[in-house]
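Order-wise, the sequence lines are chains A and B. First residue of the first sequence: 1, per the UniProt record's numbering; consecutive thereafter. First residue of the second sequence: 1, per the UniProt record's numbering; consecutive thereafter.
Protein chains: 2
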Amino acid sequence: MDTTPKGNRLHIALLGRTNVGKSSFLNMMAGQDIAITSPVAGTTTDVVEKAMELLPLGPILFLDTAGLDDISELASLRLKKTEKIFDRADVAILVTEPDVWGTYEEEVLAEMDKRKVPVLVVINKIDLDQPSETFLRELKTKTSRVVPVSSFDVQKRDAFVDALKRQLLEVAPDDFVQPPSLVGDLLPPGGLAVLVVPIDLQAPKGRLILPQVQTIRDALDNDAAVLIVKERELPATLALLNRLPDVVICDSQAILKVSADVAPAIPLTTFSILFARQKGDLAAAAEGAAQIETLQSGDKVLIAEACSHHPLQDDIGRVKIPRWLKQYVGGDIRTDVSAGRDYPENLREYKLIIHCGGCMLTRREMLSRMQQAREAQVPVTNYGLAISFTQGVARRVLSPFPSALLAYDRKMKEHSSR
Amino acid sequence: MDTTPKGNRLHIALLGRTNVGKSSFLNMMAGQDIAITSPVAGTTTDVVEKAMELLPLGPILFLDTAGLDDISELASLRLKKTEKIFDRADVAILVTEPDVWGTYEEEVLAEMDKRKVPVLVVINKIDLDQPSETFLRELKTKTSRVVPVSSFDVQKRDAFVDALKRQLLEVAPDDFVQPPSLVGDLLPPGGLAVLVVPIDLQAPKGRLILPQVQTIRDALDNDAAVLIVKERELPATLALLNRLPDVVICDSQAILKVSADVAPAIPLTTFSILFARQKGDLAAAAEGAAQIETLQSGDKVLIAEACSHHPLQDDIGRVKIPRWLKQYVGGDIRTDVSAGRDYPENLREYKLIIHCGGCMLTRREMLSRMQQAREAQVPVTNYGLAISFTQGVARRVLSPFPSALLAYDRKMKEHSSR
């Protein structure tokens with residue numbers, strides 16, 4: 001059951017004059033009939049709040065403002081109740097239909113502009129009528145965010161929703177796209193995290209790499225203590241403790257050795273998974289890792305690097321992961337490497353995308369890349385999860401994250417029942 | 001007893017033709033008669049190695065090459081034995097006397113230049129004869145490092161030695177001026193350091209300040225583990241351990257609270273002291289802290305900041321330390337703040353210099369600043385030690401460093417016996 005408090009949800013004002021199909025649009029977004037949809041003008045007569053989980057964006061709350069479009073209603077735009085909805089919105093979706101644009105729409109743009117709230121313009125009902133060139137040209141001068149949809153076209157529904165999700169992701173305010181806790185929520189106050197760092201510390205002399213520092217800081221910020229130790233000293237150091245630590249975190253590449261050194265009762269995960277959760281959608285990445293189970297000789301896998309300059313990771317993405325994949329599948333897996341901002345044109349040819357940690361990406365950018373993969377219907381996972389999967393410890397490293405583990409188990413069950 | 005291995009000592013070739021006073025120069029440096037000095041030419045007939053501790057520079061080894069100055073000896077410069085001394089030298093001191101310069105000196109400069117070994121030219125016997133303007137002008141075209149001394153002038157001896165020390169510090173090779181271990185030498189392999197960090201972590205969101213990171217890294221590099229905890233969780237976290245940690249390190253400003261939370265059997269020090277040792281001369285800084293004991297109402301103390309932009313430390317140097325000094329002395333202490341590369345002109349008016357941590361200085365620069373203070377005969381300590389002293393825990397925070405503690409105790413005894 002989703003218990004996200006209202007305040008943490010992205011508030012989306014759903015605006016549009018009567019009968020442009022706001023309620024059916026809402027149904028399309030929700031993937032089910034939740035509003036009373038009817039072709040009779042003005043059926044939706046009051047404000048409807050509808051909470052949903054719009055992955056990879058997260059928890060949102062639609063504020064359906066009920067067709068306020070005639071003169072009297074335009075006046076009422078400034079009425080307290082309506083203003084309140086305008087004021088509550090983080091983002092507005094203005095629904096219209098081909099070649100329909102007037103005072104109402106202009107008013108909405110102006111009100112939202114005044115509040116610096118971004119507006120997506122959705123042109124609904126494109127199955128009935130295509131918008132004219134003139135209309136589109138005119139619209140382009142007013143806003144760059146236009147998404148043509150048809151909320152009644154069941155076949156294209158997913159594509160429409162995906163396109164909208166990407167636009168929403170781009171305009172959502174920073175604090176909504178802000179990362180969740182790195183490790184703090186795995187630790188009770190006074191808790192203890194053990195960080196296992198590689199023997200050949202990969203950082204410049206006298207330093208630690210940023211992910212390690214960030215993890216330490218996050219634990220301290222959550223009133224927990226952190227014990228840092230190299231792989232070699234781990235068993236002796238765990239023996240110094242008179243109780244089990246709350247979580248052990250290690251480098252993906254050491255997971256096999258470390259998982260043998262850490263009692264099964266101790267939650268264990270990797271830095272890579274902490275960051276996959278913070279930066280992207282861990283449940284989706286867990287499902288993506290399960291996709292490895294279905295790979296067959298001859299399949300193509302894309303190794304996606306967000307930037308073209310991280311030589312240290314080279315041998316992970318270019319050598320180790322390809323080798324482990326082949327070993328796991330027991331056949332030939334073709335791995336291509338794509339570096340940089342865009343996926344290759346032939347993205348759909350791949351059975352799986354294994355993404356780098358995206359240390360240079362914001363959460364918004366990483367979620368956007370995951371969403372692009374989803375649009376192309378290619379599962380996506382990341383280096384760390386792929387490594388843990390091929391080493392047979394995926395369930396172990398996901399165990400501190402129940403919802404991701406559930407998604408993973410469900411996907412694995414799907415694959416095995418095929 | 002000093003057990004510094006030869007290899008770790010700065011090797012200084014002592015060169016000069018017969019009777020310029022190399023041996024008496026060596027005596028002056030050592031502060032005692034260790035060589036057989038004699039005005040008879042050629043008394044010193046073989047290579048003499050003399051090890052000494054030249055603070056703040058550290059352990060050095062003089063290679064006295066025995067007056068090789070006539071034609072036959074010049075030829076022998078290239079003989080294996082002599083070449084070997086040239087090759088062993090990190091620095092050369094070429095002793096001459098006023099207006100004496102010729103083929104021998106030119107040859108030495110050339111040989112050393114070939115080896116990229118810096119040369120200090122010492123003009124000895126200036127009590128007998130002043131070097132001529134022409135000589136000095138000529139010399140200036142050959143080298144910028146000229147130190148006039150008189151090794152027989154007992155009164156000026158200290159000033160000469162100080163001037164030479166500063167020149168040696170400037171030309172000593174980087175690896176000699178390299179810092180000692182930060183914390184690693186306090187930890188046995190498999191050891192455990194506890195780092196206590198402030199509740200209001202002073203670092204930018206998601207980070208730790210560099211001294212904390214450097215300390216963690218140094219401990220890991222020495223095969224030890226590190227437990228990091230905020231002040232508030234320290235007692236509960238120490239209770240998680242089934243043995244005492246090898247050292248506890250905290251922020252100077254929390255030393256009073258932390259020293260109460262940490263059993264006396266556990267070695268305790270501050271980040272500030274670790275860095276004072278790494279960056280400068282801890283024993284000298286400990287003696288400097290003891291100087292606070294002698295301060296009286298009306299005395300002037302200089303707060304020296306290495307750079308003019310560290311606002312975070314402002315209230316430590318400008319507010320807290322002055323207040324604590326006044327409280328400790330029980331009278332009015334005038335504190336002036338000097339920021340930047342140079343001490344003020346009136347340095348000798350101060351009874352004590354309390355230096356910032358010098359995070360922007362190299363060890364060479366910090367040692368040079370301490371040496372400058374020594375030349376002005378003003379004791380120098382640092383923020384961290386001054387704080388610990390005024391809080392009555394100076395001995396406790398120095399206890400992990402026996403030689404600094406000894407220097408401190410000796411100085412305190414001196415003060416109390418006055």
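Glycine included, every Cβ here is placed at the ideal spot set by N, Cα and C.
Counting only runs that start and end inside the region 86-161 of chain B, the beta strand (DSSP E) elements of at least 3 residues fall at 91-96, 119-123, 146-148.
Note on asparagine 382 (chain B): 16 or more other CB atoms within 10 angstroms of its CB, so buried under the neighbour-count rule.
When secondary structure is reduced to three states using DSSP, leucine 210 (chain B) falls in the helix class. Annotation: phenylalanine 275 (chain B) to glycine 357 (chain B) spans about 7 Å, alpha carbon to alpha carbon. Taking the CA atoms as reference points, isoleucine 12 (chain A) sits about 28 Å from aspartate 342 (chain A).
Rounded to whole angstroms, the Cβ separation of leucine 63 (chain A) and glutamate 49 (chain A) is 6 Å, and the two are in contact under 8 Å. Inter-segment contact for the region 385-404 of chain B and the region 240-255 of chain B is present: three or more beta-carbon pairs are separated by less than 8 Å.
For the region 237-249 of chain B, residues whose beta-carbon sits nearer than 7 Å to a beta-carbon of chain A comprise Thr237, Leu240, Leu241, Asn242, Arg243. Under the three-state reduction of DSSP output, threonine 390 (chain A) falls in the helix class. With contacts defined as CB atoms closer than 8 Å, alanine 172 (chain B) and valine 108 (chain B) fail to qualify as a contacting pair. Of the candidates B:Val149, B:Asp221, B:Leu208, B:Asp221 places its Cα closest to the Cα of proline 198 (chain A).
Along the region 210-224 of chain B, the positions whose C-beta sits under 9 Å from a C-beta of chain A are Leu210, Gln212, Val213, Gln214, Ile216, Arg217, Asp218, Ala219, Leu220, Asp221, Asp223, Ala224, read in chain order. For glycine 288 (chain B), no beta strand (DSSP E) segment is defined; the enclosing uninterrupted segment is the alpha helix (DSSP H) at 282-290.
In the structure shown, glutamate 49 (chain A) falls within a strand segment according to DSSP collapsed to helix, strand and coil. For arginine 207 (chain A), at least one C-beta of chain B is nearer than 8 Å to its own C-beta.
Here threonine 18 (chain A) carries a coil assignment [DSSP, helix/strand/coil]. Take leucine 352 (chain A), set aside five residues on each side of it, and the residues of its chain with a beta-carbon closer than 6 Å to its own are Gln291, Val301, Pro379, in chain order. The region 230-250 of chain A and the region 264-284 of chain A touch, with three or more beta-carbon pairs separated by less than 8 Å. Between glycine 331 (chain A) and chain B, the shortest Cβ-Cβ separation is not below 8 Å. In this structure glutamate 138 (chain A) is exposed. Its beta-carbon is surrounded by fewer than 16 other beta-carbon atoms within 10 angstroms.
The continuous stretches of beta strand (DSSP E) do not include arginine 341 (chain A), and DSSP gives it neither H nor E. One Cα belongs to glutamine 167 (chain B), the other to arginine 145 (chain B), and the distance between them is close to 7 Å. Taking the C-beta atoms as reference points, arginine 207 (chain B) is found nearer than 8 Å to arginine 217 (chain A). At least 8 Å separates the CB of isoleucine 273 (chain A) from every CB of chain B. Listed along chain A are Gly190, Asp223, Ala225, each with a C-beta nearer than 7 Å to that of glutamate 233 (chain B). Judged by DSSP in its simplified three-state form, valine 319 (chain A) adopts helix.
Around the beta carbon of arginine 418 (chain A), a 10 Å sphere encloses fewer than 16 other beta carbons of the protein chains shown; the residue is thus reported as exposed. Assignment of valine 301 (chain A) by DSSP, reduced to helix, strand and coil, places it in the strand class. Residue contact with chain B for lysine 230 (chain A): present (Cβ-Cβ distance below 8 Å to some residue of chain B). Three or more Cβ pairs closer than 8 Å define a contact, and the region 224-244 of chain A falls short of that threshold against the region 366-376 of chain A.
When secondary structure is reduced to three states using DSSP, asparagine 27 (chain A) falls in the helix class. In the three-state reduction of the DSSP assignment, proline 59 (chain A) falls in the strand class. Against chain B, a Cβ distance below 8 Å from valine 393 (chain A) picks out nothing, because the smallest value is about 23 Å.
Runs of the beta strand (DSSP E) spanning 3 or more residues and lying entirely within the UniProt domain "Hydrogen maturase F dimerization" (182-280) of chain B occur at 192-197, 225-230, 247-250, 268-270, in chain order. For serine 338 (chain B), the CB contacts under 8 Å within the same chain, skipping 5 residues up- and downstream, are Leu302, Ile303, Ala304, Glu305, Pro344 in chain order. Within the model, the alpha-carbon separation for lysine 156 (chain B) versus cysteine 359 (chain B) is close to 34 Å.
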